[in-house]
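**Student:** Have a look at this one.
There are 2 protein chains.
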Amino acid sequence: MADEVLFEFLHMEIVSHVYKEQQSGKGEMDSKDRAVSVSVLEGMGFRVGQGLIERLTRDSPSFKDELDIMKFICKDFWTKVFRRQVDNLRTNHQGTYVLQDNKFALLTQLSSGKQYLDQAPKYLAFSCGVVRGALSNLGLDSVVTADVSAMPSCKFQVVIQKL
Amino acid sequence: MADEVLFEFLHMEIVSHVYKEQQSGKGEMDSKDRAVSVSVLEGMGFRVGQGLIERLTRDSPSFKDELDIMKFICKDFWTKVFRRQVDNLRTNHQGTYVLQDNKFALLTQLSSGKQYLDQAPKYLAFSCGVVRGALSNLGLDSVVTADVSAMPSCKFQVVIQKL
Chain B
1 MADEVLFEFL HMEIVSHVYK EQQSGKGEMD SKDRAVSVSV LEGMGFRVGQ GLIERLTRDS
61 PSFKDELDIM KFICKDFWTK VFRRQVDNLR TNHQGTYVLQ DNKFALLTQL SSGKQYLDQA
121 PKYLAFSCGV VRGALSNLGL DSVVTADVSA MPSCKFQVVI QKL
Chain V
1 MADEVLFEFL HMEIVSHVYK EQQSGKGEMD SKDRAVSVSV LEGMGFRVGQ GLIERLTRDS
61 PSFKDELDIM KFICKDFWTK VFRRQVDNLR TNHQGTYVLQ DNKFALLTQL SSGKQYLDQA
121 PKYLAFSCGV VRGALSNLGL DSVVTADVSA MPSCKFQVVI QKL
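Protein sequences appear in the order of chains B and V. The numbering of the first sequence is the working numbering, which starts it at 1 and goes up by one. The numbering of the second sequence is the working numbering, which starts it at 1 and goes up by one.
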């Protein structure tokens, strides 16, 4: 329904706006322009993630460890933001987590398969930021990257930064 | 809940991004910068409104007249996008409509009352675009403006452009 796609539509508009803005006046974007665009989108996501997790954990008991936090992100948080649970969570028990979503909400508007795979990164920067922002508010510094091998399936890699 | 505020948070980020971008390098924004920002946000809203109404009216019977369309916007459309119905719809029966929402979703994150009234317009440009985009897809060209006298109450004025 429309209320579900509102976020997706708005997200599409932002991605397109941020990329256009970097490209303006130039023919092709170089890798620096792309990096700036990704960073802008990631930053927006970070702040949105912080806001969301604050709301979501307001009435939650505190978490017992890092894995407990990651499970919360994969279930409750993912459901609220991306409308389904993560399909698979793997970890090396040393601070690296791989979250696999086989039908990632922000990629379902795009054509499935491998045809537009080169376009995928720009639709994932915001979401990486959302996850990083949420973890940051729960006391975990992290690096979050995303990887797509066939749309709309997506893997997020979260590496917790130890002090 | 978080899924309800996701759109609001993202909207806040966009407004802040678009305004910052116009302001960059300058101390104060002049009226031209503000006009550009409003126009960018309105354009984003327009495209989102077009997409949403397409989804929403896919299975609807066609509308019998202009007033019928406006009623649909005030009830079904408003509920999906702004999570409540318009409180009051008035018309002069000559193509001008005033939609009053006493608790407008995108203003509830801001402080109530009259204190930040000068900040209100930037949070309404996107929504004006959404309404204009929806009407445009239903075959009505319009000019949509918004007016706030005390937050979070808001009046949208829609003037249908006759050919």
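Glycine included, C-beta positions come from ideal geometry on N, C-alpha and C.
Might you give, ordered along the chain, the residues of its own chain that have their beta carbon closer than 7 Å to the beta carbon of residue 143 of chain B, omitting 5 neighbours on each side?
**Tutor:** Cβ neighbours of residue 143 of chain B beyond the five flanking positions: 159 and 161.
**Student:** Quick one: list the residues of chain B neighbouring residue 13 of chain V, beta-carbon separation under 7 Å, in chain order.
**Tutor:** The answer, in chain order, is 44, 47 and 48.
**Student:** Go ahead and label residue 67 of chain B buried or exposed: buried means 16 or more other beta carbons lie within 10 angstroms of its beta carbon, across all protein chains shown.
**Tutor:** Under this definition residue 67 of chain B is an exposed residue.
**Student:** Can you name the residues of chain B whose CB is closer than 8 Å to the CB of residue 9 of chain V?
**Tutor:** Under the 8 Å cutoff, chain B gives 47, 48, 51 and 52.
**Student:** What residue range is occupied by the uninterrupted alpha helix (DSSP H) comprising residue 160 of chain V?
**Tutor:** That residue, residue 160 of chain V, is in no alpha helix (DSSP H); its beta strand (DSSP E) goes 154 to 160.
**Student:** Excluding the five sequence neighbours on either side, which residues of its own chain have a C-beta within less than 6 Å of the C-beta of residue 138 of chain B, listed in chain order?
**Tutor:** 69.
**Student:** May I have a chain-ordered list of the alpha helix (DSSP H) segments no shorter than 4 residues that lie completely inside the stretch 109 to 158 of chain B?
**Tutor:** Complete alpha helix (DSSP H) runs here, min 4: 125 to 137.
**Student:** Look at residue 82 of chain B and residue 56 of chain B and say whether their C-beta atoms are less than 8 Å apart.
**Tutor:** Not closer than 8 Å, so no.
**Student:** When we look at the beta-carbon of residue 163 of chain V and count the other beta-carbons within 10 Å, is it buried (16 or more) or exposed?
**Tutor:** Classification for residue 163 of chain V: exposed.
**Student:** Sort V/53, V/90 and V/75 by Cα distance to residue 155 of chain V and report the nearest one.
**Tutor:** Out of V/53, V/90 and V/75, V/90 has the C-alpha closest to the C-alpha of residue 155 of chain V.
**Student:** Anything in chain B within Cβ reach of residue 21 of chain V, meaning under 7 Å, just list it in chain order.
**Tutor:** In chain order: 21.
**Student:** So residue 17 of chain V and residue 44 of chain B are in contact, right, with Cβ under 8 Å, and what is the actual spacing, rounded?
**Tutor:** Right, the Cβ-Cβ distance comes to about 7 Å (below 8 Å), so this counts as a contact.
**Student:** Please state the DSSP three-state secondary structure of residue 85 of chain B.
**Tutor:** Coil.
**Student:** Starting from the Cα of residue 167 of chain B, find the closest Cα among B/39, B/48 and B/5 and give me that residue.
**Tutor:** Absent from the structure is residue 167 of chain B, since the part of chain B shown begins at 1 and ends at 163.
**Student:** Of the choices B/84, B/65, B/98 and B/106, whose alpha-carbon is the least far from that of residue 14 of chain B?
**Tutor:** Ranking B/84, B/65, B/98 and B/106 by Cα distance to residue 14 of chain B puts B/106 first.
**Student:** Does the beta carbon of residue 93 of chain V sit closer than 8 Å to a beta carbon anywhere in chain B?
**Tutor:** No, residue 93 of chain V lies away from the interface with chain B (no Cβ there is under 8 Å from its Cβ).
**Student:** Enumerate in chain order the residues of its own chain whose CB-to-CB distance from residue 124 of chain B is below 6 Å, with the five nearest sequence positions on each side excluded.
**Tutor:** Cβ within range, chain order: 146.
**Student:** Using alpha carbons as the reference points, say which of V/135, V/153 and V/10 lies closest to residue 52 of chain B.
**Tutor:** Comparing Cα-Cα distances from residue 52 of chain B to each of V/135, V/153 and V/10, the minimum goes to V/10.
**Student:** Out of curiosity, what's the CA-to-CA distance linking residue 31 of chain V and residue 98 of chain B?
**Tutor:** Taking the straight line joining both Cα atoms gives about 48 Å.
**Student:** Tell me, please, which residues DSSP counts as bridged to residue 99 of chain V.
**Tutor:** Note: residue 99 of chain V sits in a beta bridge opposite V/89 and V/156.
**Student:** Would you kindly check if the distance between the Cβ of residue 131 of chain B and the Cβ of residue 173 of chain B is under 8 Å?
**Tutor:** Outside the shown range of chain B (1 to 163) lies residue 173 of chain B, about which nothing can therefore be said.
**Student:** To the nearest angstrom, how far is it from the Cα of residue 22 of chain V to the Cα of residue 37 of chain V?
**Tutor:** Approximately 7 Å, taken between the alpha carbons.
**Student:** If we call anything under 8 Å between Cβ atoms a contact, is residue 104 of chain B one with residue 42 of chain B?
**Tutor:** No, the Cβ-Cβ distance between residue 104 of chain B and residue 42 of chain B is not below 8 Å.
**Student:** So what's residue 57 of chain V in DSSP terms, helix, strand or just coil?
**Tutor:** Of the three classes helix, strand and coil, the one that applies to residue 57 of chain V here is coil, per DSSP.
**Student:** Kindly list the residues whose CB is nearer than 7 Å to the CB of residue 48 of chain B, restricted to its own chain and excluding five residues on each side of it in sequence; keep chain order.
**Tutor:** Taken in chain order, the residues that qualify are 130 and 133.
**Student:** Determine the closest residue to residue 19 of chain B out of B/35, B/54 and B/113, with distance taken between C-alpha atoms.
**Tutor:** Answer by Cα proximity: B/35.
**Student:** Taking 6 Å as the limit between beta carbons, can you name the residues of its chain near residue 63 of chain V, skipping five residues before and five after?
**Tutor:** Cβ neighbours of residue 63 of chain V beyond the five flanking positions: 69.
**Student:** Run through DSSP, which three-state label would residue 29 of chain B get?
**Tutor:** The answer is coil: DSSP assigns residue 29 of chain B none of H, G, I, E or B.
**Student:** Can you tell me the Cα-Cα spacing of residue 75 of chain V and residue 84 of chain V, whole angstroms?
**Tutor:** Roughly 8 Å separates the two Cα atoms.
**Student:** At the level of alpha carbons, what is the spacing between residue 151 of chain V and residue 79 of chain V?
**Tutor:** Approximately 19 Å between the Cα atoms of the pair.
**Student:** Comparing C-alpha positions only, which one of V/60, V/28 and V/54 sits nearest to residue 135 of chain V?
**Tutor:** Ranking V/60, V/28 and V/54 by Cα distance to residue 135 of chain V puts V/54 first.
**Student:** What does a CB cutoff of less than 6 Å around residue 96 of chain B pick up in its chain, not counting 5 residues either side in sequence?
**Tutor:** Correct list, in chain order: 159.
**Student:** For residue 110 of chain B, tell me which candidate among B/65, B/153, B/26 and B/27 has the shortest Cα-Cα distance.
**Tutor:** Among B/65, B/153, B/26 and B/27, the Cα nearest to that of residue 110 of chain B belongs to B/153.
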